[in-house]
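In terms of the working numbering, the first sequence has 462 at position 462, counting the first letter as 1, and numbering is strictly consecutive.
Right, one structure below, let's go through it.
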Amino acid sequence: MKTKIPETLKEIEKIVKEINALSIEDQKKLLEDVYPEYFEKKKVKKIKELPDLPHSENVVTRLPPEPNGYIHIGHGLSFFFNWYYARRYNGRVILRFDDTNPSKEKKEYYDSIKEDLRWLKIDWDTERRESDNIEIYYYYAEEIIKKGKAYICECDGEKIHKDRFEMRECKCRERSIDENLKLFNLLKEGKIKAVLRLKGDMKSQNTSMRDPTLFRINLDPHPIVGKRYKLWPLYDFACAIEDAEVTHVLRDNEFQFRIEVQNYIRDCLNLKQPFIKHYSRFGVKGTPTAKRKIRPLIEENIVKGWDDVRLVTIRGLKRRGILPETIHELGKEIGLSTAEPVIDWSIIESINRKLLDPVTKRYFFVGNPKELLVKNAPEKEIKLKMHPTENLGERTLKVGKKFFIPDVKEKEIRLKDLYNVKILEIGDKIVGEYVDKNLKNIKKLQWVPEEYCNVEILVPDLLFIDDKLNPDSLKTVYGVAEKNIESLCIGEIIQFERFGFCRLDEKNKVYKFIFTHR
RNA sequence: GCUCCGGUAGUGUAGACAGGUCAAUCAUUCCGGCCUUUCGAGCCGGUGACUCGGGUUCAAAUCCCGGCCGGAGCACCA
1 MKTKIPETLK EIEKIVKEIN ALSIEDQKKL LEDVYPEYFE KKKVKKIKEL PDLPHSENVV
61 TRLPPEPNGY IHIGHGLSFF FNWYYARRYN GRVILRFDDT NPSKEKKEYY DSIKEDLRWL
121 KIDWDTERRE SDNIEIYYYY AEEIIKKGKA YICECDGEKI HKDRFEMREC KCRERSIDEN
181 LKLFNLLKEG KIKAVLRLKG DMKSQNTSMR DPTLFRINLD PHPIVGKRYK LWPLYDFACA
241 IEDAEVTHVL RDNEFQFRIE VQNYIRDCLN LKQPFIKHYS RFGVKGTPTA KRKIRPLIEE
301 NIVKGWDDVR LVTIRGLKRR GILPETIHEL GKEIGLSTAE PVIDWSIIES INRKLLDPVT
361 KRYFFVGNPK ELLVKNAPEK EIKLKMHPTE NLGERTLKVG KKFFIPDVKE KEIRLKDLYN
421 VKILEIGDKI VGEYVDKNLK NIKKLQWVPE EYCNVEILVP DLLFIDDKLN PDSLKTVYGV
481 AEKNIESLCI GEIIQFERFG FCRLDEKNKV YKFIFTHR
């Protein structure tokens, strides 16, 4: 190729001359013949998709929640990735409760997590709990002891910690396999005070390789298996074994240092290695995304509970009117990013709006309303479409002389979809006069007729601004809405025209809505 | 402190592995305009970025080294 450069250049020059000799019209025509697609409008937008995964045959992934709290958007996204790839490659999904710490797990969370998962439209093919597999872990523990790769350590926690820090091997390491086996049986019964440790590498740079503890005694009752077991496996051991069954592990990078130990444990046990990919934990601007940060806010009553609409817990998002599909799309948008994404609410909102807009009924609402009396107004019933372009049916409004409208300063206004009004008096109440003619460039107002419903709309905002608690993170807008909202069900999301999308949260004398977004 | 990982417009993301077609993609925000019996949606246009310094190379967002900044981990939690 290189040797032909001079010839090629000459050729190019020749062609350019030829083309330049043509008129612009002829050039265009020629181009159109050769590359017709250049002239077609690009109207099909590419849908963003996640990249391919290696070894995408017989994919098995897992959703590994610990039942110790409600899940939030971070878990949701993580579950989404694992679920998404399994479905994309026609694989299987395992829902696996990582419940090997009896002190932390709570019964209620097994169900709440499943509920949230279903709401997220993330399903699974198999469900299990690690607490049901304790005997299996014991079996593998004995296997690893028999291979001389683990030992019983009777030192106290403090010494173990110090040794690990100072890269010093423990004397317990030298115990014979037979003795380790014997002691392990006593350990299972809780008859000795000790732990089982992996014989790793005390000199390793990776601290998690420095003879990590595999099993420890925990006498707390477990919400599922009660007091059946006294000896419980730690995360690395249980997880290493469980993950041998899956082909792809997608998890956030807090686990990045455990790959080495977990792979090592699987190697010792001749178990299969899954493909592991880590991505960064991500945040939502102005909102905590860690259980340990959310919990104090609830305890100190700064937010009202796990389903507070300012929170990005799955329950909070649901109550706010965020759709499960929005979480899916968001997952595709940010991908398995290794940077540390701090996403802005505007991204969530715009995805959600796109999904909501075509399927959401429109109603009239006026916040902070003022009364308007229209002299010689014709009394009538009007029919209005539920949606400007989609066929979502229509609704009827009975109008008379009295209305509720936002405050005005104008001399003439148009009540949207009705008629024009000349303003005569502006006081506590506004008095106007019906105008039967077309007026251009006139302020259009939303209105509610005499028959109305009282409405309260909770408007959530960022909980934190520049790391400081935002005192205005939750506001309430009081107003009136057309009577037709009486037929709405709780949980339904509608659009109050020119105000925004809202989700009906409570239905009593006053209709309480949550403001989703504009 | 130690060990890893990362840094592309205000935000998120593509491009990086296999250097040239990058005068850098798409989305969102913001700003204009059009349309409109919604201030929503839609349509058109605009502003706006390769963290810094060195090196390799004919050629660096891309490869190498260092600084800076950010994150994660350093449990008998997961």
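All residues carry an ideal CB built from backbone N, CA and C; glycine is no exception.
Between which two residues does the beta strand (DSSP E) holding residue i run?
{"i": "residue 61", "result": "60-63"}
{"i": "residue 195", "result": "195-198"}
{"i": "residue 505", "result": "500-507"}
{"i": "residue 130", "result": "Here residue 130 belongs to no beta strand (DSSP E), and DSSP marks it neither H nor E."}
{"i": "residue 421", "result": "420-426"}
{"i": "residue 410", "result": "Segment: none, residue 410 is in no beta strand (DSSP E) and carries neither H nor E."}
{"i": "residue 277", "result": "275-279"}
{"i": "residue 510", "result": "510-517"}
{"i": "residue 495", "result": "493-496"}
{"i": "residue 152", "result": "150-153"}
In the DSSP assignment, find the unbroken alpha helix (DSSP H) run with residue i in it and report its ends.
{"i": "residue 292", "result": "291-299"}
{"i": "residue 246", "result": "Premise fails: residue 246 is in no alpha helix (DSSP H) and is neither H nor E."}
{"i": "residue 433", "result": "From DSSP, residue 433 is part of no alpha helix (DSSP H) but of the beta strand (DSSP E) over 430-435."}
{"i": "residue 317", "result": "314-320"}
{"i": "residue 258", "result": "258-268"}
Among the residues of its own chain, which have a CB less than 6 Å from the CB of residue i, if the five just before and after it don't count?
{"i": "residue 519", "result": "As shown, the chain starts at 1 and ends at 518. That puts residue 519 outside it, with no answer to give."}
{"i": "residue 308", "result": "316"}
{"i": "residue 116", "result": "71, 314"}
{"i": "residue 306", "result": "70, 313, 315"}
{"i": "residue 374", "result": "401, 421, 432, 434"}
{"i": "residue 284", "result": "312, 343"}
{"i": "residue 60", "result": "91, 92, 246, 247"}
{"i": "residue 510", "result": "454, 456"}
{"i": "residue 512", "result": "456, 505, 506"}
{"i": "residue 411", "result": "423"}
Starting from the Cα of residue i, find the closest Cα among the options and give me that residue.
{"i": "residue 464", "options": "294, 263, 100, 228", "result": "294"}
{"i": "residue 380", "options": "142, 503, 204, 400", "result": "400"}
{"i": "residue 367", "options": "500, 420, 350", "result": "500"}
{"i": "residue 211", "options": "502, 200, 486", "result": "200"}
{"i": "residue 403", "options": "451, 327, 388, 385", "result": "451"}
{"i": "residue 229", "options": "137, 81, 328", "result": "137"}
{"i": "residue 522", "options": "448, 431, 347, 346", "result": "This structure leaves residue 522 out entirely; the chain is present only between 1 and 518."}
{"i": "residue 205", "options": "166, 236, 235", "result": "166"}
{"i": "residue 269", "options": "292, 237, 289, 278", "result": "237"}
{"i": "residue 209", "options": "231, 467, 164, 77", "result": "164"}
{"i": "residue 281", "options": "410, 299, 253", "result": "253"}
{"i": "residue 323", "options": "89, 97, 234, 120", "result": "120"}
{"i": "residue 289", "options": "274, 55, 76", "result": "76"}
{"i": "residue 310", "options": "216, 326, 345", "result": "345"}
{"i": "residue 466", "options": "503, 233, 286, 494", "result": "286"}
{"i": "residue 271", "options": "352, 140, 355", "result": "140"}
{"i": "residue 101", "options": "73, 226, 112", "result": "226"}
{"i": "residue 429", "options": "370, 250, 232", "result": "370"}
In chain order, what residues of the same chain lie with their CB nearer than 7 Å to the CB of residue i, ignoring the 5 residues before and after it?
{"i": "residue 507", "result": "490"}
{"i": "residue 68", "result": "104, 105, 106, 109"}
{"i": "residue 50", "result": "84, 332, 335"}
{"i": "residue 37", "result": "Residue confidence is low: residue 37 scores 42 on pLDDT, short of 50, so the model does not pin down where it sits. No coordinate-derived value is stated."}
{"i": "residue 384", "result": "394, 395, 397, 417"}
{"i": "residue 127", "result": "95"}
{"i": "residue 477", "result": "367, 457, 459"}
{"i": "residue 152", "result": "172, 175, 180, 183, 184, 187, 194, 196"}
{"i": "residue 348", "result": "322, 326, 330"}
Skipping 5 residues on each side, what residues in its chain have a beta carbon closer than 8 Å to that of residue i?
{"i": "residue 548", "result": "The requested residue 548 is not part of the displayed model; the chain covers only 1 to 518."}
{"i": "residue 181", "result": "142, 145, 146"}
{"i": "residue 445", "result": "405, 406, 408, 413, 414, 415, 416"}
{"i": "residue 387", "result": "358, 360, 361, 362"}
{"i": "residue 24", "result": "Confidence is the limiting factor: at residue 24 the pLDDT is only 44, short of 50, which leaves the residue's position unreliable and the question unanswerable from this model."}
At a cut of 8 Å, does the segment 57-64 reach the segment 239-256 through at least three beta carbon pairs?
Taking 8 Å as the limit for Cβ pairs, the verdict is that the segment 239-256 does touch the segment 57-64.
May I ask you to verify whether the segment 167-184 touches the segment 130-148, counting CB pairs closer than 8 Å and requiring at least 3? Flag = yes, the segment 167-184 and the segment 130-148 touch.
### Task
Ignoring anything shorter than 3 residues or poking outside the segment 333-402, list the beta strand (DSSP E) runs there in chain order.
Those beta strand (DSSP E) runs which fall completely within the segment 333-402 and span 3+ residues are 365-367, 370-375, 380-385, 394-399.
Which ranges does the alpha helix (DSSP H) cover as unbroken runs of at least 4 residues, wholly within the segment 51-111, from first to last along the chain? Segments of the alpha helix (DSSP H) lying fully in the segment 51-111: 73-88.
| query | If you pair each beta-carbon of the segment 220-230 with each one of the segment 250-270, do three or more pairs fall below 8 Å? | reply | Under the Cβ criterion (8 Å, minimum of three pairs), the segment 220-230 does not count as touching the segment 250-270.
* To do: Could I get the ranges of all uninterrupted beta strand (DSSP E) runs contained in the segment 446-486, with 3 residues as the minimum, in chain order?
  => Those beta strand (DSSP E) runs which fall completely within the segment 446-486 and span 3+ residues are 452-460, 474-482.
query = Does the segment 130-138 touch the segment 335-345, meaning 3 or more C-beta pairs lie closer than 8 Å?
reply = Judged by Cβ distances under 8 Å, the segment 335-345 makes no contact with the segment 130-138, as fewer than three pairs qualify.
Original post:
Can at least three beta-carbon pairs, one atom from the segment 360-376 and one from the segment 466-483, be found at a separation below 8 Å?
Top reply: Contact between the segment 360-376 and the segment 466-483 is present, with at least three C-beta pairs closer than 8 Å.
Note to self: Within 8 Å, do at least three Cβ pairs link the segment 424-440 to the segment 456-472?
What the structure shows: By the criterion of at least three beta-carbon pairs nearer than 8 Å, the segment 456-472 is not in contact with the segment 424-440.
What are the uninterrupted segments assigned as alpha helix (DSSP H) that are 4 or more residues long and contained completely in the segment 161-244, given in chain order? Listed in chain order, the complete alpha helix (DSSP H) runs (minimum 4 residues) inside the segment 161-244 are 177-188, 235-243.
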